[in-house]
Structures are given as C-alpha cells and as structure tokens.
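Trainee: Before anything else, here's the structure in question.
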Amino acid sequence: MIRLTGVTYRYRRGPVVLQNFTAEFPPGITVILGPNGSGKTTLLKITAGILKPQSGTVEVMGRPPDELRGKIAYIPQTGGLYPWMTVRENIALPLKLQRRSNPEREVESVAESLGISHLLDRYPKEISGGEQQKTLIARALASGAEVWLLDEPLSMIDIDYRREIIQLLKKAGKSMVVITHNVQDAVDLGGYIYIVKGPPLQLVATAAPGQYTDAERLAETARKAFKS
0 MIRLTGVTYR
10 YRRGPVVLQN
20 FTAEFPPGIT
30 VILGPNGSGK
40 TTLLKITAGI
50 LKPQSGTVEV
60 MGRPPDELRG
70 KIAYIPQTGG
80 LYPWMTVREN
90 IALPLKLQRR
100 SNPEREVESV
110 AESLGISHLL
120 DRYPKEISGG
130 EQQKTLIARA
140 LASGAEVWLL
150 DEPLSMIDID
160 YRREIIQLLK
170 KAGKSMVVIT
180 HNVQDAVDLG
190 GYIYIVKGPP
200 LQLVATAAPG
210 QYTDAERLAE
220 TARKAFKS
C-alpha cells in the first residue's frame, strides 16, 4: 500500500504541481493515466523519495520512502542506465551496493530469465530502447525491490518489445505504480487505473482491474473526467 496525504509540492520559481494531494495505491499494478505535464512524474519522484514535498506525508508499506533504501525501484522514462557502464555493470550496481556475496551469478541468472544474456557486455548506446527497458527491469528484479515506480516504460519502444515488456511487468509479481499518457497502455497493463489532470495534479476518476478492456471506452471516460 502506498499512501500520500495532503502532499503539496512546488518547484522553485515554478507552478504548484501538487496541492494538498491525497491518494492511496493498493498492492498490485496501479496505472496513473493523464496528459503530459500534469505532474505525474513529480508524483512518482515524491513517492520514491527523490523529491521532498513542502507539506504532507508519504508512506510506502507503512514507512517513509527514505527508510526503504533498496526496497523501492524507480525506473525513469530516460537516463536510467549509466552510459559508461555495460549492461552487466548496470544490473549489478544495486547488488554491489547491497554487498551481495555473488552478484555476478545473480546478474547472469536474471539476464538469462529475461533473454538478455547476449547484451551483458554491451553499453546502453549499443542497444535498442526495448533492450534498455529490459535491462532496467532486470536491475529492479535483481535488486529485490518490493515496490516499482515506472515512468512511461512503454513510450519509447516498438510494438514487439511493448508486448514483451507488458508481460514481464505482469509476471514480476511486484507492487507497481506505472505512469502513462497512453490509454492503450493503461488498458493492457490491466491494473487499477487512476485518471488525473493538472497541474496542480488532481485525481478525477478511478477504475478497478478489468473494468476497461477497450481503449475507446476508457478514453471517453477520461475525456468526461477532464471536463468535470
């Protein structure tokens, strides 16, 4: 369970992005659907503990996010891999920080399970967008993080990798918050759907898993919610 209560955040010399924002995200997959620029990424960074709100509280599994080092995996839309490190080194990084006894074996095991063993000695610039997303998922899996926070994970990959990434996320068995502006992504991920608008970010509608199996119906619901 992720709980945000009365959260307000404003960038220096910028607009108020969240104002007294309150929401609860249940275990499983939660998709936050809303237009670009509405404040979704800021919300995700606050949940991850990367940004500190000016007021309000954030709890992940009943604790502040800064007390959960290693338990939360934040996967940004871009720039999530260190360009000077190989795929192998990128995946191994959290394992070394956790001082695991045999990180190399764990890296090879998770890479094999995701079908990216052949990429381990390449650098991020040498692999596709879909392969980069699989590398980020491999790192999250290897880290043992219990909560994943993903920023537009499907926005920069082709259709074949898109299907594969969706299946990997569903099979991971983790609690996730996934933000997207794409209605089809929200439907295909199949979790709880929270429709938002902003800034400041506002929750305008919710849907239970399986409530929407058609992107057109969800898009119509979102359009009506944005007008409310």
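Note that numbering that gives the first Met the number 0 numbers the sequence shown so that position 121 is 120, with each residue one more than the last. We put the CB at the ideal spot given by N, CA and C, even for glycine.
1. Quick check: what's the CA-CA separation for D120 versus P82?
2. Going by C-alpha distance, which of K223, W147, Y193 and Y122 is nearest P75?
3. Within 8 Å, do at least three Cβ pairs link the region 149 to 162 to the region 173 to 181?
4. Using CA atoms only, rank isn't needed, just tell me which of D159, R138, T21 and S100 is closest to Y193.
5. Examine the Cβ distances between the region 124 to 136 and the region 54 to 66 and report whether three or more of them are shorter than 8 Å.
6. Let me confirm a value: D187 is counted as buried when at least 16 other C-beta atoms fall within 10 Å, else exposed. Which label applies?
7. For the region 38 to 58 and the region 82 to 91, state whether three or more C-beta atom pairs, one from each stretch, are separated by less than 8 Å.
8. Kindly indicate which residue of L17, T4, R9 and P34 has the alpha-carbon position closest to the one of E23.
9. According to DSSP, which residues form a beta bridge with L17?
Mentor: In terms of the structure at hand:
1. The straight-line gap from Cα to Cα measures roughly 12 Å.
2. It is W147 whose Cα lies nearest to the Cα of P75.
3. yes
4. T21
5. no
6. buried
7. Of all C-beta pairs linking the region 38 to 58 to the region 82 to 91, fewer than three are shorter than 8 Å, placing the two stretches out of contact.
8. Nearest to E23 by alpha-carbon distance, out of L17, T4, R9 and P34, is T4.
9. Y8
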